[in-house]
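So the sequences go chain by chain: A and B.
Under the working numbering, the first residue of the first sequence is numbered -12, with each subsequent residue one higher.
Under the working numbering, the first residue of the second sequence is numbered 4, with each subsequent residue one higher.
One structure below.
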Amino acid sequence: MNPETILFLSNLLTAAVLLATPLLLAALGELVVEKSGVLNLGVEGMMLIGALFGYIAAYNFQTITCLEELIPGMCTKEERVFTFTDYLLALVSAALAGAVLAALFGFLTQTLRANHVAVGLGLTILGAGLTNSLGSNFFGVNYTSVQVADHPEVFGQDLLVWFSLLAVPVIWYALQKTRMGLVIRAVGENHDSAYALGYRVARIRFWCILFGGAMAGLAGAFIVLVHVDWKEGVTVGKGWLALALILFGTWKPLRVLAGAYIFGLLWASELRLDNLFPAYQLEWKTMLTTAPYIFTILVLVIISRNPRMIRQNAPASLGKPFNPPS
Amino acid sequence: MIQLELRQNTNWWTSLRSILLALLITAAFSVAVLFVMSDRPADAIWQMLSFPWQGRRMEVQFGLVLQQSAYLAVIALGLSVGYRANIWNIGAEGQFAFGSIGAYAAYLLMGSPDSGWAFPALLLAGIIGGCLWAMIPAFLRVTCNTNELLTSLMLVYVASHLLTYLCIGPLKGDPKAGQAETYPIAESVQASKLISGTELHTGLLVLFVAFIILAAILLFTLLGYRLKVAQHTPRAERFAGFSPNNTVWLSFAISGAMAGLAGAVYLTAETGKLIQAENYLENFGFAAIIIAFLGRLHPVGILLAALMISYVNVGASYIQASLQVDDSVAELIEVVALFAFLGCAVLDQYTVKFKRTTTRKVA
């Protein structure tokens, strides 16, 4: 292979990792939620809130020292130090923000038994609205001036990339091989039987929802800390793609991993394809940005054509209202 | 701990009580938000409640409220048809965009006519456009059993990019405009004003009539009854010989048509031309989802909810101008209202008991 091809491929892979990791994080979190029988459609909203809070935290935790002040009162050359601890703190803030929003979902759907779909959609709208108003309050109109220093890397990749990859076997093991996983699955398969056995269905689901929220928050943080800067609606529907990924992976962590990376690769090659078009053909670039969404629809169509596959693997109580006998 | 006990009988009073409680929670939260976001909270609250009487012309402000609520109510009523039967069309935003595109395409196909008779044709084209776009998720759901919720949402992204594509590409109008837009449609084809100085125009009248017709169908005909059966007992629906697939087709067709009509009216009355998506789409399609749930999927409720939310929205933009309070207040109030209404709905069917959970060991 000539060096150009190798460079092209390595660029493609780097872009694929950047696109796949947030999808994988959010999808793994939501996988646990759905395994416990809850359908949380608010992933997009939780990702947005995680992204904003992660960004604000990173912005505040980084240390800026002025090296050169040619004009008094205006820094012309500055150094931004963003340590590993700062980075971790930003991630924790993002996860907490996601979990707080998830707790709201949990309270409404588990304690007050509201409709999952309605509350989930509301959560997405709330996340978008809240981040738009908080974001413009915090950063003002001048978004471009905000810069977060480089994220620390481990073995050439961001920490969260390794974390997301590690989470796949951990979640698989936790769900399939541990007592806790068995209880979560029991609650998701048949909440009435689980309740009859003495498990606190609502409480178990609540913890799963919190976990899903934290993972979605991390996914959002990855987007703004590693991939692109914060702007309104920065997640561009990735939360919804994560939901589609779970269907694609038929509720199996390994398949979700595969799906996330296939998706990342395709999205990345679409972005590379973008460069082939000359700059004046802006209209074609606009059409090309719809590719991931059309691809998602195609994937969903192919997967759902085999209803047995879905029926065998979907948690039986997914999204069904739970009314314990009193 | 909080414990819920199933109510033996439910009546109108239990429903009304939970609605009133939800309104109270929303009001309390709104006051709290205004206290945080404004330096003069008392003025902000007062102006938000009484803004139509604050300015010089009351009818202008009420016109704005009616204008917005017409779009929201029509789209929300269309969506509620499917939601009653657990068919989740959340892509009304895309169907709205396609209604506009359809209307504009019809205008071009008719050779840019310059007479008022083209107006109804444009609206019809909008209905067809929205309907066709909504048929995609319906078709996939019926033939491939694809999750309609995800596909209808994905199509919103596709539709809005397509709108932008049309505006910067094949239908590009004045290149000197600050945004990508098409050439405007002829003045005579646009909706005409009913009362000069206000935002009330014939398009809103069309939306109002469409709302009444659909509401009447849902409330008083066999079709409406059929959808009600599908909502409450899907099994009975099948026993009665109603096909679930037809319910999918029907609800997507209706919601797509309503959103498409709203899109066509928006094109002919508000903008007069297509504009790139971020400047054209005002999230009516997503706000309508909230309205549908606030109105408990009932036509009367939806109308009241649309009026209430529009009042809040217009009030928020009023205090943004007068008191510099960010108008995102409205968005927050909207979502809190949604959560309050969904949460309080539990009181319809359950009584809430506060008990101390004690673990007792039986000897």
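Glycine included, C-beta positions come from ideal geometry on N, C-alpha and C.
Treat the numbers as computed from the prediction; the structure is a model and nothing was measured.
In summary, the residues of the region 212 to 239 of chain A whose CB is separated from some CB of chain B by less than 9 Å are V223, G224, W227, L228, L230, A231, L234, in the order they occur in the chain. Its chain contains I36, G37, F40, G204 as the residues whose beta carbon lies nearer than 7 Å to that of A84 (chain A), once the 5 sequence neighbours on both sides are disregarded; these appear in chain order. With its beta carbon at least 8 Å from every one in chain A, H235 (chain B) lies outside the interface. Contact of E334 (chain B) with chain A is assigned, a C-beta pair being separated by under 8 Å.
Between A340 (chain B) and T17 (chain B), the C-beta gap is not smaller than 8 Å, which leaves the two residues out of contact. Here H204 (chain B) is bridged, per DSSP, to B:K196. Taking a Cβ-Cβ cut-off of 8 Å, A109 (chain B) has no neighbours in chain A, whose nearest Cβ is about 22 Å from it. Cβ contact annotation for A7 (chain A) (same chain, cutoff 8 Å, sequence separation greater than five): A247, Y248, F250, G251, L252, in chain order. In chain A, no part has a C-beta under 8 Å from the C-beta of I322 (chain B); the shortest such distance is about 14 Å. Within the model, the alpha-carbon separation for A239 (chain B) versus I104 (chain B) is close to 40 Å. DSSP places E281 (chain B) in the uninterrupted alpha helix (DSSP H) bounded by 280 to 283.
Contacts between S331 (chain B) and chain A, judged by CB atoms closer than 7 Å, involve G116, N119, S120 in chain order.
In the DSSP assignment, L125 (chain B) falls within the alpha helix (DSSP H) that extends over 121 to 147.
Assigned with DSSP and collapsed to three states, L277 (chain B) falls in coil, not helix or strand. The beta carbon of I191 (chain A) is closer than 7 Å to those of S23, V170, I171, V174 in its chain, skipping five residues each way along the sequence. E184 (chain B) is classed as buried because its beta carbon has at least 16 other beta carbons within 10 Å across all chains shown. Look at the region 141 to 168 of chain B: the residues with a C-beta under 8 Å from a C-beta of chain A are L143, C147, N148, T149, N150, L152, L153, T154, L156, M157, L158, Y160, V161, H164, L165, T167, Y168.
With respect to the 8 Å criterion, G85 (chain B) and S254 (chain B) are classified as neighbours on the basis of their beta carbons. Comparing alpha carbon positions, the residue from B:G275, B:L24, B:A180, B:L69 closest to L203 (chain B) is B:L69. About 29 Å separates the beta carbons of G133 (chain B) and G244 (chain B), which is beyond the 8 Å limit, so they are not a contact pair. Looking at the DSSP output, R67 (chain A) sits in a beta bridge with A:I51. Exposed is the label assigned to G114 (chain B), since fewer than 16 other Cβ atoms lie within 10 Å of its Cβ.
Chain A has no Cβ within less than 8 Å of the Cβ of F32 (chain B).
Cβ contact annotation for I158 (chain A) (same chain, cutoff 6 Å, sequence separation greater than five): L15, P240, in chain order. For S313 (chain B), the enclosing alpha helix (DSSP H) begins and ends at 302 to 326. The beta carbons of L153 (chain B) and L287 (chain A) sit closer together than 8 Å.
Judged by DSSP secondary structure, N124 (chain A) falls within the alpha helix (DSSP H) whose first and last residues are 103 to 126. Contact fails between the region 300 to 308 of chain B and the region 132 to 150 of chain B, because fewer than three Cβ pairs, one in each stretch, are under 8 Å apart.
Among the CB atoms of chain A, none fall inside 8 Å of the CB of W136 (chain B). Close CB contacts of C170 (chain B) within its chain, under the 7 Å cut and outside five residues either way in sequence, are with A183, E184, T185, L277, I278, Q279 (chain order). Looking at the DSSP output, D145 (chain A) sits in a beta bridge with A:E140.
Under the Cβ criterion of 8 Å, L225 (chain B) is not counted among the residues facing chain A. Two segments are said to touch when three or more pairs of C-beta atoms, one from each, lie closer than 8 Å; by this definition the region 74 to 81 of chain A does not touch the region 112 to 120 of chain A.
Take L135 (chain B), set aside five residues on each side of it, and the residues of its chain with a beta-carbon closer than 8 Å to its own are F101, G105, G259, in chain order.
Taking CB atoms only, L345 (chain B) has a neighbour in chain A less than 8 Å away.
Put simply, of A:V19, A:R166, A:N300 the residue whose alpha carbon is nearest the alpha carbon of C195 (chain A) is A:V19.
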